[in-house]
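S.K.: Here's a structure for you.
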Amino acid sequence: MNLALELQYQEENFIRACIQKERWAQKQLYETYYSKMLGVCLRYANDPDEAKDILHEGFIKVFRHLGKYQPGTSLNAWIKRIMVNTCIDYYRKMSRRRTEDMENAAHKISTAPDANSICGEKEILKAVQSLSPAYRAVFNLYVIEGYSHREIGEQLGITESTSRSNLVKARMKLREILAPKYANYGK
Amino acid sequence: MENKDFDKFIREGLEKNRPDFDPNDWEKMEDLLDEQERQGKELLYIKGIEMVLVALAVMTLFRFYPTDVATNSPMAHIELKEDVNIDNHHKGIEHKPEINHTIEKSESLNIIQDDSKGTPSASHKEIVRASDAKVYDIIKGTWNGEPNFIMDEPSIKNTFSKDSPIKNVAPIHSAKNQNSTANNSIVPEKSVVEEKEIISEEIQAPVDLTALKHQPSELLDDQINIPKEFAINVSRPTIRMGFYTGYDFNHIITPYDPKVKSSYEQGKHGFSAGYLFSILKGNWEFESGLSYSRKSYTPVANVIKITGNTDNGFEAETLDRLSFNLVSLPMNVKYYFPRMSKWKFYAMAGGAMNVVGWSNVNQKTVEANGSRNPNLIAEDTQAKKYTFKKSGVFFGESLKNNYYITANLGVGVERRLNTNTSVFFQPKFSYYLMPSDNGLGPNKDRFNTMSVDLGFKYDF
Numbered sequence: 001m002n003l004a005l006e007l008q009y010q011e012e013n014f015i016r017a018c019i020q021k022e023r024w025a026q027k028q029l030y031e032t033y034y035s036k037m038l039g040v041c042l043r044y045a046n047d048p049d050e051a052k053d054i055l056h057e058g059f060i061k062v063f064r065h066l067g068k069y070q071p072g073t074s075l076n077a078w079i080k081r082i083m084v085n086t087c088i089d090y091y092r093k094m095s096r097r098r099t100e101d102m103e104n105a106a107h108k109i110s111t112a113p114d115a116n117s118i119c120g121e122k123e124i125l126k127a128v129q130s131l132s133p134a135y136r137a138v139f140n141l142y143v144i145e146g147y148s149h150r151e152i153g154e155q156l157g158i159t160e161s162t163s164r165s166n167l168v169k170a171r172m173k174l175r176e177i178l179a180p181k182y183a184n185y186g187k
Numbered sequence: 188m189e190n191k192d193f194d195k196f197i198r199e200g201l202e203k204n205r206p207d208f209d210p211n212d213w214e215k216m217e218d219l220l221d222e223q224e225r226q227g228k229e230l231l232y233i234k235g236i237e238m239v240l241v242a243l244a245v246m247t248l249f250r251f252y253p254t255d256v257a258t259n260s261p262m263a264h265i266e267l268k269e270d271v272n273i274d275n276h277h278k279g280i281e282h283k284p285e286i287n288h289t290i291e292k293s294e295s296l297n298i299i300q301d302d303s304k305g306t307p308s309a310s311h312k313e314i315v316r317a318s319d320a321k322v323y324d325i326i327k328g329t330w331n332g333e334p335n336f337i338m339d340e341p342s343i344k345n346t347f348s349k350d351s352p353i354k355n356v357a358p359i360h361s362a363k364n365q366n367s368t369a370n371n372s373i374v375p376e377k378s379v380v381e382e383k384e385i386i387s388e389e390i391q392a393p394v395d396l397t398a399l400k401h402q403p404s405e406l407l408d409d410q411i412n413i414p415k416e417f418a419i420n421v422s423r424p425t426i427r428m429g430f431y432t433g434y435d436f437n438h439i440i441t442p443y444d445p446k447v448k449s450s451y452e453q454g455k456h457g458f459s460a461g462y463l464f465s466i467l468k469g470n471w472e473f474e475s476g477l478s479y480s481r482k483s484y485t486p487v488a489n490v491i492k493i494t495g496n497t498d499n500g501f502e503a504e505t506l507d508r509l510s511f512n513l514v515s516l517p518m519n520v521k522y523y524f525p526r527m528s529k530w531k532f533y534a535m536a537g538g539a540m541n542v543v544g545w546s547n548v549n550q551k552t553v554e555a556n557g558s559r560n561p562n563l564i565a566e567d568t569q570a571k572k573y574t575f576k577k578s579g580v581f582f583g584e585s586l587k588n589n590y591y592i593t594a595n596l597g598v599g600v601e602r603r604l605n606t607n608t609s610v611f612f613q614p615k616f617s618y619y620l621m622p623s624d625n626g627l628g629p630n631k632d633r634f635n636t637m638s639v640d641l642g643f644k645y646d647f
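Going down the list, the sequences are from chains V and S.
Each residue of the first sequence is one higher than the one before, starting from 1 at the first, in this note's numbering.
Each residue of the second sequence is one higher than the one before, starting from 188 at the first, in this note's numbering.
Structure, rendered in structure tokens:
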């Protein structure tokens with residue numbers, strides 16, 4: 001049998017087991033995509049606890065709608081899409097709860113890494129997390145997920161110009177924090 | 188160009204960040220999945236009941252909708268063509284009331300007089316109706332303008348039996364079997380048969396007519412004296428009043444926001460009680476009244492306002508507990524299925540206007556320092572301040588934000604205790620209909636309620 005077909009057959013069986021709420025299959029799926037998806041959620045969340053809440057909410061959606069996934073396409077991309085949508089939902093839920101003051105938090109962050117410290121992946125993540133939710137959401141959707149400003153506006157319920165403005169401010173803030181690291185980038 | 192490089196730098200940094208798997212997280216995930224499954228089963232149960240009730244309502248509609256175009260009523264009335272007469276023992280009775288036998292079933296019991304033997308006997312007749320195959324165990328009759336009566340077959344057999352204590356019953360018997368004269372008859376001089384009759388069998392159920400010989404005056408006064416406990420007045424509406432109390436299971440949906448496309452849902456217990464007023468005519472009853480119900484719960488969506496930020500600490504106003512005291516005006520229509528002895532089953536459909544008489548909104552202000560999940564602040568922070576707010580139409584608030592309308596569907600069983608009093612048991616489902624853009628309380632909550640009511644009714 002063709003290797004690709006065999007893999008697809010295995011994936012189908014595995015997904016069927018997940019749909020039938022077989023706990024071993026659900027655990028395997030969770031373990032397989034845990035790291036990658038938690039990485040996605042961390043970009044949108046304020047902290048690891050919040051990221052895990054989003055991750056769990058996302059996985060519940062994944063298990064609930066797994067029947068809609070078409071085997072043969074990318075399961076990784078499908079799950080990631082759900083995770084990003086869950087992050088957007090979470091952002092909107094928080095916005096709806098009148099967390100208007102959070103936007104100002106970008107100017108008084110206490111957890112921002114020291115500019116003189118050695119920057120690694122964790123520092124970049126911390127810098128992104130230190131952005132206000134509004135800047136962070138726009139930055140992630142534009143830079144990481146590749147959404148257009150129009151799409152971002154529709155997703156977050158803001159105008160295109162607000163999206164552009166937030167992106168510029170987010171970049172400026174990140175440049176400020178990550179200047180030493182970025183200076184050595186590519187050298 | 189510079190922006191692109193910077194974006195690439197960030198993207199690479201973020202994509203390299205892959206936290207290690209934490210087995211504790213899977214345990215949390217498993218708990219959440221278990222909880223989801225449990226909630227899913229509860230919702231499935233509610234939806235199942237909902238579907239059964241709708242199916243019952245539809246079946247009721249189709250089952251009892253008139254199919255015979257020749258009749259105006261769902262229950263086809265058949266008049267007996269056969270001339271009937273009364274026993275010679277009633278000579279001297281000048282009163283000639285009209286008997287209008289209305290038979291609503293394919294089987295009926297008729298009493299005939301066998302003159303050759305000098306003793307009456309009961310005949311089991313079968314009336315075939317091609318247009319209506321329904322079988323009702325009920326016989327209807329009228330007597331000289333007196334109210335109509337419904338009797339079920341066992342009751343008739345019992346009444347007409349030899350051992351029955353009821354002696355002043357006028358049997359109806361065939362004119363073919365006796366020599367009758369017009370002036371001593373108390374039955375109609377003529378009647379009409381529209382349907383074919385088949386005498387299928389003759390059963391031995393002797394009737395003691397000697398009592399009639401000795402009590403002609405009583406017969407004159409009472410005519411057909413069907414015991415009250417076997418009879419229901421169907422021609423005149425019956426006014427009924429009653430009280431009930433019930434257990435409610437409230438399915439609370441909060442908040443519903445079309446933009447977010449998500450809502451919190453939870454199930455909470457409650458109770459209700461009320462006064463009922465109804466008008467019963469035939470098998471149909473229109474019911475209204477006034478009821479009170481209480482819905483008290485801790486909202487899932489509990490954060491109202493956050494000031495500060497999650498990094499440096501914040502203060503949050505949260506909802507601690509909501510209690511709604513509702514006054515409802517129900518308007519339901521009930522259909523009683525042909526009854527079996529003293530038990531009656533019915534299906535019910537209608538609606539109710541529900542108004543918040545008064546509500547208690549308990550708020551809690553909490554304070555958190557450092558980075559926290561705002562969703563968890565009610566659980567893991569200390570309360571700073573409690574506030575209690577009363578609202579509702581009894582506190583001068585507008586009706587607009589304090590009402591909702593539900594559609595009601597239910598089934599029930601009623602047991603007659605004596606001539607006037609009956610008790611009932613009634614599962615009922617109330618589905619939130621409107622207003623579609625609003626709800627109750629700070630979260631605009633909506634309620635679907637599954638109730639189990641127990642009460643009594645008194646017929647006037």
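No residue lacks a Cβ here, since even glycine has one placed at the ideal position from N, Cα and C.
1) By Cβ distance, which residues of its chain are closer than 7 Å to tyrosine 619 of chain S, with the 5 residues on each side in sequence left out?
2) Would DSSP call phenylalanine 612 of chain S helix, strand or coil?
3) Buried or exposed, going by whether 16 or more other CB atoms sit within 10 Å of the CB of alanine 534 of chain S?
4) Could you tell me the distance, in whole angstroms, from the CA atom of leucine 463 of chain S to the CA atom of valine 610 of chain S?
5) Here's the rule I'm using: 16 or more other beta-carbon atoms within 10 Å means buried, otherwise exposed. How should asparagine 519 of chain S be labelled?
6) Would methionine 428 of chain S pass as a contact of lysine 615 of chain S if the rule is Cβ separation under 8 Å?
7) How is alanine 45 of chain V classed by DSSP in three states: helix, strand or coil?
8) Using a Cβ-Cβ cutoff of 8 Å, what residues of the region 15–46 of chain V are near chain S? List them in chain order.
9) Would you say serine 558 of chain S reaches chain V, if we count a Cβ-Cβ gap shorter than 8 Å as a contact?
10) Comparing alpha-carbon positions, which option in S:Leu509, S:Asn512 and S:Thr494 lies nearest glutamate 502 of chain S?
11) Residue range of the beta strand (DSSP E) that isoleucine 144 of chain V falls in?
12) Going by CA-CA distance only, name the one from S:Asp192, S:Val543 and S:Thr606 that's closest to phenylalanine 582 of chain S.
13) Residues in its own chain within less than 8 Å of phenylalanine 14 of chain V by CB, not counting five upstream and five downstream?
14) Tell me the DSSP bridge mates of leucine 509 of chain S?
15) Please confirm whether leucine 156 of chain V has its beta-carbon closer than 8 Å to some beta-carbon of chain B.
16) Between the region 507–521 of chain S and the region 544–552 of chain S, do three or more beta carbon pairs fall short of 8 Å?
17) Check aspartate 89 of chain V in the structure and name its three-state DSSP category.
18) Just confirm the distance between the C-beta atoms of cysteine 194 of chain V and cysteine 41 of chain V, as a whole number of angstroms; I'd bet it's less than 8 Å.
19) Could you tell me whether the Cβ atoms of methionine 540 of chain S and leucine 516 of chain S are closer together than 8 Å?
20) Can you tell me whether DSSP reads alanine 398 of chain S as helix, strand or coil?
21) Taking DSSP as the reference, what is the three-state secondary structure of glutamate 474 of chain S?
22) Taking the C-alpha atoms as reference points, what is the distance between leucine 230 of chain S and glutamine 70 of chain V?
23) Which chain V residues are close to arginine 198 of chain S, counting only those with a beta carbon under 8 Å from its beta carbon?
24) Hey, is leucine 197 of chain V's beta-carbon within less than 8 Å of any beta-carbon in chain S?
25) Taking only the alpha-carbon atoms, compute the straight-line gap between valine 598 of chain S and glutamate 554 of chain S and give it to the nearest angstrom.
26) Is glutamine 223 of chain S close to chain V, meaning its C-beta is less than 8 Å from at least one C-beta of that chain?
27) Which chain V residues are close to arginine 633 of chain S, counting only those with a beta carbon under 8 Å from its beta carbon?
28) Would you say aspartate 507 of chain S lies against chain V (beta-carbon separation less than 8 Å)?
29) What's the call for valine 394 of chain S, buried or exposed, on a 16-neighbour Cβ count within 10 Å?
30) For arginine 198 of chain S, which option in V:Arg64, V:Val143, V:Ala51 and V:Ser161 has the closest C-alpha, if you only look at C-alpha atoms?
31) Can you name the residues that DSSP bridges to lysine 576 of chain S?
32) Using the C-alpha atoms, what's the distance from phenylalanine 196 of chain S back to threonine 441 of chain S?
33) I'd like to know whether the C-beta of proline 629 of chain S is nearer than 8 Å to at least one C-beta of chain V.
34) Which residues of chain S have a Cβ atom closer than 7 Å to the Cβ of leucine 174 of chain V, listed in chain order?
35) Does the Cβ of aspartate 53 of chain V have 16 or more other Cβ atoms within 10 Å, making it buried, or fewer, making it exposed?
36) Alpha carbon to alpha carbon, how far is lysine 492 of chain S from lysine 551 of chain S? Give it in angstroms, no decimals.
M.R.: Once the coordinates are examined:
1) Translated into the one-based positions of the second sequence, residue 619 of chain S becomes position 432. Here the set comprises Tyr591, Thr593, Arg633, Phe634 and Asn635.
2) In the second sequence, counting from the first residue as 1, residue 612 of chain S sits at position 425. Residue state, collapsed to three classes: strand.
3) As a first step, residue 534 of chain S must be located in the second sequence, where it is residue number 347. Buried, by the Cβ-count rule.
4) The sequence position of residue 463 of chain S within the second sequence is 276, counting from 1. The sequence position of residue 610 of chain S within the second sequence is 423, counting from 1. Each residue's alpha carbon lies about 13 Å from the other.
5) Translated into positions along the second sequence, residue 519 of chain S becomes position 332. Classification for asparagine 519 of chain S: buried.
6) On the second sequence, position 241 is the one that residue 428 of chain S refers to. On the second sequence, position 428 is the one that residue 615 of chain S refers to. Not a contact, by the Cβ cut-off of 8 Å.
7) Position 45 of the first sequence holds residue 45 of chain V. Three-state result, alanine 45 of chain V: coil.
8) Lys21, Arg23, Gln26, Lys27, Tyr30, Glu31, Tyr34, Ser35, Lys36, Leu38, Gly39, Leu42, Arg43 and Asn46
9) Numbered from its first residue, the second sequence carries residue 558 of chain S at position 371. With a pLDDT of 49 at serine 558 of chain S, under the threshold of 50, the predicted position of this residue should be treated as unreliable, and no value is reported.
10) Looking up residue 502 of chain S in the second sequence gives position 315. Closest by alpha carbon: S:Thr494.
11) One-based indexing of the first sequence puts residue 144 of chain V at position 144. Segment: none, isoleucine 144 of chain V is in no beta strand (DSSP E) and carries neither H nor E.
12) Position 395 of the second sequence holds residue 582 of chain S. Cα-wise, what sits closest to phenylalanine 582 of chain S is S:Val543.
13) Here residue 14 of chain V is taken as the residue at index 14 of the first sequence, counted from 1. So the list reads Ala25, Gln28 and Leu29, once near-sequence residues are dropped.
14) Position 322 of the second sequence holds residue 509 of chain S. In DSSP, leucine 509 of chain S forms a bridge with S:Tyr484 and S:Val548.
15) This model lacks chain B altogether, as its protein chains are V and S.
16) yes
17) Working through the first sequence from its first residue, we reach residue 89 of chain V at position 89. In the structure shown, aspartate 89 of chain V sits in a helix (DSSP, three-state: H, G or I).
18) Nothing can be reported for residue 194 of chain V: it is not among the residues displayed for chain V, which extend from 1 to 187.
19) Locating residue 540 of chain S in the second sequence gives position 353, counting from the first residue. Locating residue 516 of chain S in the second sequence gives position 329, counting from the first residue. Yes, these two residues count as a Cβ contact at 8 Å.
20) Your numbering for residue 398 of chain S matches position 211 in the second sequence. The pLDDT assigned to alanine 398 of chain S is 47, lower than 50, so where the model puts this residue is not dependable, and the model offers no usable value.
21) Position 287 of the second sequence holds residue 474 of chain S. If DSSP states are grouped into helix, strand and coil, glutamate 474 of chain S belongs with the strands.
22) Working through the second sequence from its first residue, we reach residue 230 of chain S at position 43. Working through the first sequence from its first residue, we reach residue 70 of chain V at position 70. Spanning the two alpha carbons is a distance of roughly 27 Å.
23) Translated into positions along the second sequence, residue 198 of chain S becomes position 11. By Cβ distance, chain V contributes Val143 and Ile144.
24) This structure cannot speak to residue 197 of chain V, because chain V is shown only from 1 to 187.
25) Numbered from its first residue, the second sequence carries residue 598 of chain S at position 411. Numbered from its first residue, the second sequence carries residue 554 of chain S at position 367. In a straight line, the C-alpha of valine 598 of chain S is about 50 Å away from that of glutamate 554 of chain S.
26) The count along the second sequence starts at 1 and reaches residue 223 of chain S at position 36. Yes, its Cβ sits closer than 8 Å to a Cβ of chain V.
27) As a working mapping, residue 633 of chain S is identified with position 446 in the second sequence. Neighbours of arginine 633 of chain S on chain V: none; closest Cβ ~17 Å, over 8 Å.
28) Translated into the one-based positions of the second sequence, residue 507 of chain S becomes position 320. No, aspartate 507 of chain S does not count as interfacial toward chain V.
29) Position 207 of the second sequence, counted from the start, is the residue given in the question as residue 394 of chain S. Only weak support is given to the placement of valine 394 of chain S: the predicted model assigns it a pLDDT of 48, under 50, and the question is left unresolved by the model.
30) Position 11 of the second sequence, counted from the start, is the residue given in the question as residue 198 of chain S. Minimum Cα distance to arginine 198 of chain S is reached at V:Val143.
31) Working through the second sequence from its first residue, we reach residue 576 of chain S at position 389. Paired residues: S:Val548.
32) Mapped onto the second sequence, residue 441 of chain S falls at position 254. Mapped onto the second sequence, residue 196 of chain S falls at position 9. Cα to Cα, the separation comes out at about 42 Å.
33) The residue you call residue 629 of chain S lines up with position 442 of the second sequence. No, proline 629 of chain S does not count as interfacial toward chain V.
34) Numbered from 1 along the first sequence, position 174 holds the residue referred to as residue 174 of chain V. The answer, in chain order, is Ile197.
35) For this step, residue 53 of chain V is matched to residue 53 along the first sequence. Buried, because 16 or more other Cβ atoms sit within 10 Å of the Cβ of aspartate 53 of chain V.
36) Walking along the second sequence from the start, residue 551 of chain S turns up at place 364. Walking along the second sequence from the start, residue 492 of chain S turns up at place 305. Each residue's alpha carbon lies about 11 Å from the other.
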